[in-house]
Amino acid sequence: NAGVTQTPKFQVLKTGQSMTLQCAQDMNHNSMYWYRQDPGMGLRLIYYSASEGTTDKGEVPNGYNVSRLNKREFSLRLESAAPSQTSVYFCASNLDGATYEQYFGPGTRLTVT
Amino acid sequence: GQQVMQIPQYQHVQEGEDFTTYCNSSTTLSNIQWYKQRPGGHPVFLIQLVKSGEVKKQKRLTFQFGEAKKNSSLHITATQTTDVGTYFCAGPSNDYKLSFGAGTTVTVRA
Numbered sequence: 001n002a003g004v005t006q007t008p009k010f011q012v013l014k015t016g017q018s019m020t021l022q023c024a025q026d027m028n029h030n031s032m033y034w035y036r037q038d039p040g041m042g043l044r045l046i047y048y049s050a051s052e053g054t055t056d057k058g059e060v061p062n063g064y065n066v067s068r069l070n071k072r073e074f075s076l077r078l079e080s081a082a083p084s085q086t087s088v089y090f091c092a093s094n095l096d097g098a099t100y101e102q103y104f105g106p107g108t109r110l111t112v113t
Numbered sequence: 001g002q003q004v005m006q007i008p009q010y011q012h013v014q015e016g017e018d019f020t021t022y023c024n025s026s027t028t029l030s031n032i033q034w035y036k037q038r039p040g041g042h043p044v045f046l047i048q049l050v051k052s053g054e055v056k057k058q059k060r061l062t063f064q065f066g067e068a069k070k071n072s073s074l075h076i077t078a079t080q081t082t083d084v085g086t087y088f089c090a091g092p093s094n095d096y097k098l099s100f101g102a103g104t105t106v107t108v109r110a
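Chains as they are written, first to last, in the numbering used here: chain A, 1 to 113; chain B, 1 to 110.
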């Protein structure tokens, strides 16, 4: 099992460009999450998908959109990148909600210039 | 909304010494989870505590959940270089969301 995979690992964008971060899990998990990690601020939830077909906002959703393509895949889109979106992005999944451990992907390091 | 606070933010430890990191919530938690992130890596689940006053051990790591279920601690004895990294606590803010603390970053002096 690969667990949670993310692509790309690194990305540099210019302000105003768009991109989609891809995430997939092979553990048959119902719930999936997107976080961003900035120095000294821990992990902040951007969006989550409790189950296939549903998505909800987290703490910091502005400037992002998500798609739960199917049970395995959950993508994060930046429509018009801004320097404030420079961060490390982690995708995570778990069986079904906050009482279960989360499994994290390796992360995407995004720089917006 | 529910917030989880962690202290200290940084912990510099001499190899062989003990240290403790603390986690406090503004609300009662149904459970608390602890994660470890090695430098350059991703968070990895360590443990979950559910019961009031619960204590769990993993080798040199001791995790405790407070009686009121609003605080938790991680105590590491005889710190080793393999303990380097950032330790996060996290508590549910709804049925699906976890609220993570800012983390305690541990460095070890050999």
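The C-beta atom is built at its ideal place from N, Cα and C for all residues, glycine as well.
The structure displayed is predicted, hence computed values, not measured ones.
Next on the checklist: Counting C-beta neighbours from all protein chains within 10 Å, is the total for B/V108 16 or more, i.e. buried, or is it exposed?
Outcome noted: buried
Item to check | beta strand (DSSP E) segment containing B/Q107, residue limits | outcome: The displayed chain sequence assigns Thr, not Gln, to residue 107 of chain B. Element bounds for B/T107: T104 to R109.
Item to check | Distance between B/T21 and B/C89 (C-alpha atoms, nearest Å) | outcome: 10 angstroms
Item to check | Chain-ordered chain B contacts of A/T108 [CB-CB under 7 angstroms] | outcome: In chain order: nothing, as chain B lies at least about 11 angstroms away.
Checklist entry - If you pair each beta-carbon of the segment 7-19 of chain B with each one of the segment 42-61 of chain A, do three or more pairs fall below 8 angstroms? => result no
Item to check | Among A/R109, A/A82, A/F74 and A/S18, the one whose alpha carbon lies nearest that of A/A92 | outcome: A/F74
Checklist entry - Quick one: does A/G3 have its CB under 7 angstroms from some CB of chain B? => result no
Item to check | Cβ of A/F90 within 7 angstroms of any chain B Cβ | outcome: yes
Next on the checklist: Measuring straight from C-alpha to C-alpha, what distance separates A/A98 and B/V50?
Outcome noted: 12 angstroms
Next on the checklist: Cβ closer than 7 angstroms: which chain A residues qualify as neighbours of B/Q48?
Outcome noted: E101
Checklist entry - Are the segment 72-86 of chain A and the segment 56-64 of chain B touching, with three or more C-beta to C-beta distances below 8 angstroms? => result no
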